[in-house]
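Reading through the structure tokens given below for one structure.
2 protein chains.
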Amino acid sequence: MSHIKLLKNHTLKATPQRLCILDTLQECGHATLEDVQKIISKKFPTLSLSTIYRNLNEMLQKDIVSEVKIANKKDYFELKKDKHVHLVCQNCGKIEDFEIATDDISKQIEAQTGDKVLNDTLYFDVICKDCLSAK
Amino acid sequence: MSHIKLLKNHTLKATPQRLCILDTLQECGHATLEDVQKIISKKFPTLSLSTIYRNLNEMLQKDIVSEVKIANKKDYFELKKDKHVHLVCQNCGKIEDFEIATDDISKQIEAQTGDKVLNDTLYFDVICKDCLSAK
DNA sequence: TATTATTTGCAAAAAATTAGCAATTATGCT
DNA sequence: AGCATAATTGCTAATTTTTTGCAAATAATA
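As given, the protein sequences belong to chains A and B, one line each in that order. Numbering-wise, the first sequence is residues 15 to 149 according to our numbering. Numbering-wise, the second sequence is residues 15 to 149 according to our numbering.
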């Protein structure tokens, strides 16, 4: 879906500022606020910091964007996408997405706890293929 | 291990302030900085906020304490413990720990990506048993 | 119990985030 | 296309959160 449509579907006006933020997240995959700020300051130098804050917060609330929170790292933002797992390379820092079925593990939890599992968020610390082969 | 020993093993003096912070985390299981601050202000009213910050940071670095970062929630702290999964009740907010083997899923990732998996952090959104039965 | 290097508490600085408001702009309607 | 209007922006200032510097206090050691 185009970013313009995405915004309109959530009753947000399709301003150039918002489109720029969405484009940036799309390009980066995962970006910290600092990343977003730096990249945008080149593409769109007049876009103010408070606009970035305001819009990321709005988009989080409207579920257009989600937070990726990794221990010992700054928070990242990403465009909302299908359920996936994050692979965080401990060597180069890169974050890859990976799709994986987690039903088995959810069922196991339900069976053993009596809780109902609604959703999950998984992170794996890895050494990525590229870093492995570079050694 | 006693908290005193724990600190000494990491070349940290066993001050009453530090012991109070560790006790608080132990009692709470998972506590935000705000939680820690509130609870401590009762137990130990003269313990200053900067001491809390300084010590949590030190203990994170020394791996005595770890961060629990959940999307759309404040960061939590917990005493370092054996590998476990967090079950976050979407109704009451409670965080439970759960031990589960994740080897299968790690192997699957390794097979499909060529990455080497070192460790993992998993969160599950749940409705906990208590909230389920209260409905 | 005396010595010393650490640690604490306070106050002040720095960094991060949010709020208020006039000027601007995207959208929907003629 | 041009207008009206409500939403949005960019600015500056206010808050909130986190870190720092330093004198006084304290835990660990001999």
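Don't be surprised by glycine CBs; every beta carbon is placed ideally from N, CA and C.
Please check if any C-beta of chain B sits within less than 8 Å of the C-beta of residue i.
i                  : result
Phe-91 of chain A  : no
Lys-83 of chain A  : yes
Thr-38 of chain A  : no
Gly-107 of chain A : no
Lys-143 of chain A : yes
Val-131 of chain A : yes
Spell out whether any CB of chain A is found under 8 Å from the CB atom of residue i.
i                  : result
Lys-56 of chain B  : no
Leu-63 of chain B  : no
Cys-13 of chain B  : An answer regarding residue 13 of chain B cannot be provided, because it is not within the stretch 15 to 149 covered by chain B.
Asp-117 of chain B : no
Tyr-137 of chain B : yes
Kindly indicate the opening and closing residues of the beta strand (DSSP E) around residue i.
i                  : result
His-98 of chain B  : First-last for His-98 of chain B: undefined, no H or E at that position.
Asp-111 of chain B : 109–112
Would you give the residue range spanned by the alpha helix (DSSP H) that residue i belongs to?
i                  : result
Ile-18 of chain B  : 17–23
Asn-71 of chain A  : 63–75
Asp-144 of chain A : 143–147
Lys-57 of chain B  : 47–57
Glu-125 of chain B : For clarity, residue 125 of chain B is Ala in the given sequence; the question names Glu instead. Per DSSP, Ala-125 of chain B belongs to the alpha helix (DSSP H) from 117–127.
Cys-42 of chain B  : 30–42
List the DSSP bridge partners of residue i.
i                 : result
Ser-80 of chain A : A:Glu-92
Could you give the C-beta distance for residue i and residue j, rounded to a whole number, given that I count them as a contact under 8 Å?
i                  : j                  : result
Ala-85 of chain B  : Glu-81 of chain A  : 4 Å
Thr-127 of chain B : Lys-95 of chain A  : Contact flag wrong, Cβ pair sits at about 18 Å.
Glu-92 of chain B  : Val-79 of chain B  : 7 Å
Val-140 of chain B : Gln-104 of chain B : 7 Å
For residue i, does the count of other Cβ atoms within 10 angstroms reach 16, so buried, or fall short, so exposed?
i                  : result
Asn-23 of chain A  : exposed
Leu-132 of chain A : exposed
Met-15 of chain A  : exposed
Asn-71 of chain B  : exposed
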